[in-house]
Amino acid sequence: SQQGEEDPQALSIQEGENATMNCSYKTSINNLQWYRQNSGRGLVHLILIRSNEREKHSGRLRVTLDTSKKSSSLLITASRAADTASYFCATEGVTDSWGKLQFGAGTQVVVTP
Amino acid sequence: EAQVTQNPRYLITVTGKKLTVTCSQNMNHEYMSWYRQDPGLGLRQIYYSMNVEVTDKGDVPEGYKVSRKEKRNFPLILESPSPNQTSLYFCASSLVAGSYNEQFFGPGTRLTVL
């Protein structure tokens, strides 16, 4: 079954604005990763946050993790047209077999100039 | 250049005609995986491999086979494709198994089964 679920499903913003998307998951996890997918292409890893971390930054990306609420958020600050893509969270449950990464359905972000 | 390659990139076939989608990585990664992506469902794992000769089922393995005879290659085999296997397929690899490691994805194979 799908572990992570992103919210919203779609997001439309203007260049310079911030974009925030959320990921909720059902079972306890080891880590959570965020990936980006440009239209029809392979996914690209953005950031990994461990279960004992609460916040992590990478350039214009900020990820938070709240294990008590089983949720994570990805914030893209000062968005650019090149940030237009779908964003996915991926988790590995503590009871899952190693390598069984579960992806959500994704948030489609459109950044207009 | 470090990469995961897949072939073919696009394939239209008919029900029942066996096909193989190849996947190769040049990063000496131990872990490889196959996913399918369908609208509204995200990516679902088909099969994965921890290392040579070690493979295991993901969430949606029915109708698919895999093999891992060499470290760099992880082909996906559809013995008798059906229309419900029409999808976008991705191969991925990582240094070792486990969510501490980022996965590197191939460019995708768009399969249509008529």
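Protein chains in written order, with the working numbering: chain A, 56 to 168; chain B, 1098 to 1211.
The C-beta atom is built at its ideal place from N, Cα and C for all residues, glycine as well.
Only a predicted model underlies this, so the values are computations on that prediction, with no experimental measurement involved.
Shorter than 9 Å from the beta carbon of A/Asn85 to some beta carbon of chain B? yes
How would you call A/Ala65, buried or exposed, if buried means at least 16 neighbouring beta carbons within 10 angstroms? exposed
Take every Cβ of the stretch 153-168 of chain A, pair it with every Cβ of the stretch 1109-1117 of chain B, and state whether three or more of those distances are shorter than 8 Å. no
Any C-beta of chain B under 9 Å from that of A/Arg109: no
Start-end ranges of the alpha helix (DSSP H) lying completely within the stretch 1171-1211 of chain B, minimum 4 residues: none
Burial state of B/Lys1166 (16 or more Cβ within 10 Å): exposed
is_contact[A/Lys125, chain B] using C-beta, thresh 9 Å: no
Hey, is the stretch 1163-1183 of chain B in contact with the stretch 1122-1140 of chain B, meaning 3+ C-beta pairs nearer than 8 Å? yes
Of the residues B/Gly1155, B/Val1210 and B/Met1147, which one's Cα is nearest the Cα of B/Leu1192? B/Met1147
B/Lys1154 to B/Arg1141, Cα distance in whole Å? 11 Å
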